[in-house]
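Student: In terms of numbering that gives the first Met the number 0, the sequence shown has 82 at position 83, counting the first letter as 1, and numbering is strictly consecutive. Ideal placement from N, C-alpha and C gives every residue a C-beta, glycine not left out.
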Amino acid sequence: MRIPPQPITERQRPTPVSRPETGGAAFQEILKKRLDTSTLKFSGHAQARLRLRGIQLDAEQLRKLEEAVDKAAAKGSRDTLVVMNGNVFVVSVRNRTVITVVDRDSARENVFTQIDSAVLTD
Numbered sequence: 000m001r002i003p004p005q006p007i008t009e010r011q012r013p014t015p016v017s018r019p020e021t022g023g024a025a026f027q028e029i030l031k032k033r034l035d036t037s038t039l040k041f042s043g044h045a046q047a048r049l050r051l052r053g054i055q056l057d058a059e060q061l062r063k064l065e066e067a068v069d070k071a072a073a074k075g076s077r078d079t080l081v082v083m084n085g086n087v088f089v090v091s092v093r094n095r096t097v098i099t100v101v102d103r104d105s106a107r108e109n110v111f112t113q114i115d116s117a118v119l120t121d
């Protein structure tokens, strides 16, 4: 059995991938998208506490908070207390919702109830 010769064809070259511009505006857009696509939600109460106490989370802190919630979920937690950078976050693990936020000064001598785990980060 003889296989007939095939015509030689030119290979297609892959299209080069364009890279995003580096600069402040591009970084801000990436940060905003990251915050918008976070797997965590913040309750209205938690948002009010963040504003009232002047607590701001950057992308890295948000990532650490998400990782802490993931660790609590892996252990079967339902509601967890996350301590990060001196701030305390009470999070519903099942709903992936931050319920409240307490800063270092307000957290002193407080009792946190209805949690079944705590995650310490830094």
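In or out: residue 30 buried (at least 16 other Cβ within 10 Å) or exposed?
Tutor: Position 31 of the sequence shown, counting from 1, holds the residue named residue 30. Below a pLDDT of 50, predicted positions are generally treated as unreliable, and residue 30, at 49, falls in that range; the measurement from the model is reported next regardless. Flag for residue 30 reads exposed.
Student: Compute the distance between the beta-carbons of residue 56 and residue 82, then report whether it is under 9 angstroms.
Tutor: As a working note, residue 56 is residue 57 in the sequence shown. As a working note, residue 82 is residue 83 in the sequence shown. Their beta carbons are not under 9 angstroms apart, which means residue 56 does not touch residue 82 by this criterion.
Student: So, are the CB atoms of residue 45 and residue 80 less than 9 angstroms apart?
Tutor: Stepping through the sequence shown from its first residue, residue 45 is reached at position 46. Stepping through the sequence shown from its first residue, residue 80 is reached at position 81. Result no, Cβ atoms of residue 45 and residue 80 do not sit closer than 9 angstroms.
Student: Start and end of the alpha helix (DSSP H) containing residue 42?
Tutor: Translated into positions along the sequence shown, residue 42 becomes position 43. Segment: none, residue 42 is in no alpha helix (DSSP H) and carries neither H nor E.
Student: For residue 92 and residue 71, what's the separation of their Cα atoms in angstroms?
Tutor: Residue numbering aside, residue 92 sits at position 93 when the sequence shown is read from its first letter. Residue numbering aside, residue 71 sits at position 72 when the sequence shown is read from its first letter. Computed Cα separation, rounded: 7 angstroms.
Student: Mapping DSSP to helix, strand and coil, what is residue 76?
Tutor: Looking up residue 76 in the sequence shown gives position 77. DSSP places residue 76 in coil when its eight states are reduced to three.
Student: Going by Cα to Cα distance, which pick from 76, 106, 104, 103 is closest to residue 113?
Tutor: Mapped onto the sequence shown, residue 113 falls at position 114. For the residues 76, 106, 104, 103, the minimum Cα distance to residue 113 belongs to 76.
Student: Answer yes or no: do residue 100 and residue 48 have a C-beta to C-beta separation smaller than 9 angstroms?
Tutor: If you number the sequence shown from 1, residue 100 lands on position 101. If you number the sequence shown from 1, residue 48 lands on position 49. Their beta carbons are under 9 angstroms apart, which means residue 100 touches residue 48 by this criterion.
Student: On the criterion of 16 or more Cβ atoms from any shown chain inside 10 Å, does residue 111 qualify as buried, or is it exposed?
Tutor: Here residue 111 is taken as the residue at index 112 of the sequence shown, counted from 1. Classification for residue 111: exposed.
Student: Going by DSSP, which residues form a beta bridge with residue 58?
Tutor: Along the sequence shown, one-based indexing puts residue 58 at 59. In DSSP, residue 58 forms no bridge with anything.
Student: Could you name the residues of the same chain whose beta carbon sits closer than 7 angstroms to that of residue 103, not counting the 5 residues immediately before and after it, in chain order?
Tutor: Working through the sequence shown from its first residue, we reach residue 103 at position 104. Once the five neighbours on either side are set aside, the close Cβ partners of residue 103 are 85, 86.
Student: Flag this pair as yes or no: are the beta carbons of residue 78 and residue 90 separated by less than 9 angstroms?
Tutor: Walking along the sequence shown from the start, residue 78 turns up at place 79. Walking along the sequence shown from the start, residue 90 turns up at place 91. Yes, these two residues count as a Cβ contact at 9 angstroms.
Student: Is residue 40 near residue 94, with beta carbons less than 9 angstroms apart?
Tutor: Taking the first residue of the sequence shown as 1, we reach residue 40 at position 41. Taking the first residue of the sequence shown as 1, we reach residue 94 at position 95. Contact: yes.
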